[in-house]
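Mind the numbering: the sequence shown is residues 9 to 241 in the working numbering, read in order.
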Amino acid sequence: MGATADVRLLRRVPIGTVALLVVAYVPLLLTRPGDVGAATQTYLYLAPGRLLGRAAWMWDTSIGAGTVTHQNIGYLWPMGPYYWLLETIGVPDWIAQRLWLGTIIAAAGLGVRFLLRELRWEGAGVTVASFAYALSPYLLHYGARISVILLPFAGLPWLGGLASRSVRLGGWRWPAVFALVTGTVGGVNATSLLLVVAGPLLWMLHSVVVARTATWGQTVAAGLRITALTLAT
């Protein structure tokens, strides 16, 4: 019975999703096994616990005669805890690095699938769009050296879909999820976050003025809920 249930569950997973996960993780794990890529977050591989322990203070006495930290508080979530957990359970640094980047790629593609399903897209176009976005050349510039900047990129389609649900369904549930995703992807770089949030705002305006799938009342109410909860996170 257990095996039958597992097979049925796998059949429900779209083949496009499975293919996206394979492409996101497998090539990275097969590329130069054992080598850790050069990145500006090297201290996250070496001593993530020490970084997290010092992130609450703006002044770091461990460097030279002391210095002002640079965005360390942004690594409190999610990148710092991720590397701390994998170091604690004994995962090699090079595997942790590959899984981190693979998860960003997978999240970006799955976010596009979520967004397009929310916008009532069907067919192969959903899979094509998810691959095109997840494997964007934009990854090449940041993936190896400053991957945390890719978090807003991965979060953009999710925020678009969550903004759509917030308007369409009302209530506080989806604005709350929107706020949590924003807090997760925007902790390090405010500029990237502001540029990404422009996407859902433009969609909300489009839904009222162009598509006419929502009213001003629905949109403003959802926008106020999103704003209040996002400011809190």
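Quick reminder that beta carbons are idealized off the backbone N, C-alpha and C, glycines included.
Review point. Less than 8 Å separating the beta-carbons of Ser174 and Ala230?
Key: For the purposes of this step, residue 174 is identified with residue 166 of the sequence shown, where counting begins at 1. For the purposes of this step, residue 230 is identified with residue 222 of the sequence shown, where counting begins at 1. A contact, by the Cβ cut-off of 8 Å.
Check your understanding: Is it a yes or a no for the segment 108–124 touching the segment 158–168, going by three-plus beta-carbon pairs under 8 Å?
Key -> As far as the Cβ criterion goes, the segment 108–124 touches the segment 158–168, which means the pair count is three or higher.
Check your understanding: Exposed or buried, which one is Gln49 when buried takes at least 16 other CB atoms within 10 Å?
Key -> On the sequence shown, position 41 is the one that residue 49 refers to. Buried, because 16 or more other Cβ atoms sit within 10 Å of the Cβ of Gln49.
Practice item. Take the Cβ of Leu59 as the centre, count every other Cβ of all protein chains shown within 10 Å, and call the residue buried at 16 or more, exposed below. Key: Position 51 of the sequence shown, counted from the first residue, corresponds to residue 59. With 16 or more Cβ atoms within 10 Å of its Cβ, Leu59 is classed as buried.
Review point. Which residues in the same chain have their Cβ closer than 8 Å to the Cβ of Thr77, if we skip the five residues on either side of it in sequence?
Key: Start at 1 with the first residue of the sequence shown, and residue 77 comes out as number 69. Result list for Thr77: Arg62, Ala63, Trp65, Met66, Trp67, Asp68, in chain order.
Exercise for review: Return the chain-ordered ranges of every alpha helix (DSSP H) run that is complete within the segment 54–98 and spans a minimum of 4 residues.
Suggested key: Complete alpha helix (DSSP H) runs here, min 4: 56–62, 87–96.
Check your understanding: Taking the alpha-carbon positions, what's the Trp224 to Val216 distance?
Key -> Start at 1 with the first residue of the sequence shown, and residue 224 comes out as number 216. Start at 1 with the first residue of the sequence shown, and residue 216 comes out as number 208. Pairing Trp224 with Val216, the inter-Cα distance amounts to about 6 Å.
Point to revise | Beta-carbon separation (whole angstroms), Ala171 vs Trp211, contact threshold 8 Å | key: The sequence position of residue 171 within the sequence shown is 163, counting from 1. The sequence position of residue 211 within the sequence shown is 203, counting from 1. Going by Cβ atoms, the distance from Ala171 to Trp211 rounds to 6 Å, so yes, they are a contact pair.
Check your understanding: Do you know how far the Cα of Gln226 is from the Cα of Leu177?
Key -> On the sequence shown, position 169 is the one that residue 177 refers to. On the sequence shown, position 218 is the one that residue 226 refers to. Roughly 9 Å between the two C-alpha positions.
Review point. Roughly how far, in whole angstroms, is the beta-carbon of Gly110 from the beta-carbon of Leu36, given that I think they are within contact range, below 8 Å?
Key: The residue you call residue 110 lines up with position 102 of the sequence shown. The residue you call residue 36 lines up with position 28 of the sequence shown. Between Leu36 and Gly110 the Cβ distance is about 5 Å, and since that is below 8 Å, they are a contact.
Review point. Any idea if Leu94 is buried or exposed, counting beta-carbon neighbours within 10 angstroms, 16 or more meaning buried?
Key: Within the sequence shown, numbered from 1, the residue matching residue 94 stands at position 86. Classification of Leu94: buried, given that the 10 Å Cβ count is 16 or more.
Check your understanding: Smallest Cα separation from Tyr53: which of Thr39, Ile71, Asp101, Ala116?
Key -> In the sequence shown, the residue the question calls residue 53 occupies position 45. Nearest C-alpha to Tyr53: Asp101.
Practice item. Would you decide whether Ile97 is buried or exposed? Buried here means 16 or more other CB atoms lie within 10 Å of its CB. Key: Counting from 1 along the sequence shown, the entry for residue 97 is found at position 89. Ile97 sits exposed, since fewer than 16 C-beta atoms from the chains shown fall within 10 Å of its C-beta.
Exercise for review: May I ask which residues mark the beginning and end of the alpha helix (DSSP H) holding Arg40?
Suggested key: In the sequence shown, counting from the first residue as 1, residue 40 sits at position 32. No alpha helix (DSSP H) contains Arg40, which DSSP labels as neither H nor E.
Review point. For Ile154, does the three-state DSSP call read helix, strand or coil?
Key: In the sequence shown, residue 154 corresponds to position 146, counting from 1. In the three-state reduction of the DSSP assignment, Ile154 falls in the coil class.
Review point. With a CB to CB cut of under 7 Å and the five nearest residues on each side skipped, what residues in its chain are close to Leu29?
Key: Position 21 of the sequence shown holds residue 29. Once the five neighbours on either side are set aside, the close Cβ partners of Leu29 are Ala114.
Check your understanding: Looking only at its own chain, which residues have a Cβ that is under 7 Å from the Cβ of Ala184, when we skip the five neighbours before and after it?
Key -> Translated into the one-based positions of the sequence shown, residue 184 becomes position 176. Only residues of its own chain outside the window of five on either side were considered, and among them Leu237 have a CB closer than 7 Å to the CB of Ala184, listed in chain order.
Point to revise | Reduced DSSP category for Trp211 - H, G, I as helix; E, B as strand; rest coil | key: By one-based count along the sequence shown, residue 211 stands at place 203. In the three-state reduction of the DSSP assignment, Trp211 falls in the helix class.
Review point. What residues in its chain sit with their C-beta under 7 Å from that of Pro56, if we drop five residues either side in the sequence?
Key: As a working mapping, residue 56 is identified with position 48 in the sequence shown. Excluding positions up to five away in sequence, the list reads Gly88, Tyr91, Trp92, Glu95.
**Study point:** Coarse secondary structure for Glu130, derived from DSSP in three states
**Key:** Residue mapping note: residue 130 aligns to position 122 of the sequence shown, counting from 1. For Glu130, the secondary structure class from DSSP, reduced to helix, strand or coil, is coil.
Point to revise | Proximity of Leu159 and Val193 at Cβ, strictly below 8 Å | key: In the sequence shown, counting from the first residue as 1, residue 159 sits at position 151. In the sequence shown, counting from the first residue as 1, residue 193 sits at position 185. Yes. Within cutoff.
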